[in-house]
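Peer 1:
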């Protein structure tokens with residue numbers, strides 16, 4: 002953001018910036034930052050469930 006301002010551009014007038022990860026300090030910045038929230042724990046849980054399900058199916062097909 003500082004580089005954009007140093008170049009004489011304005012945020013969000015000339016450029017929009019979006020963060021990723023829902024950084025907790027984004028609201029304390031001089032120019033508030035829009036962020037995208039990623040529910041990492043939920044995504045990891047679903048990934049593990051899918052992996053275990055796939056492995057269970059693979060094991061069952063090998064036992065036939």
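Numbering (the working numbering), first residue to last: 2 to 65. Ideal Cβ placement from N, Cα and C applies to all residues, glycine included.
Just the Cα atoms here: how many angstroms apart are residue 37 and residue 2?
Peer 2: Near 17 Å, if we compare the C-alpha coordinates of residue 2 and residue 37.
Peer 1: Straight-line CA distance for residue 7 to residue 44?
Peer 2: Their Cα atoms are separated by approximately 38 Å.
Peer 1: In the DSSP assignment, find the unbroken alpha helix (DSSP H) run with residue 15 in it and report its ends.
Peer 2: Here residue 15 belongs to no alpha helix (DSSP H), and DSSP marks it neither H nor E.
Peer 1: Alpha carbon to alpha carbon, how far is residue 16 from residue 30?
Peer 2: Straight-line Cα distance between these residues: approximately 16 Å.
Peer 1: Thinking just about the alpha-carbon of each residue, which of 10, 40 and 5 is nearest to the one in residue 22?
Peer 2: Checking every option, the nearest Cα to that of residue 22 belongs to 40.
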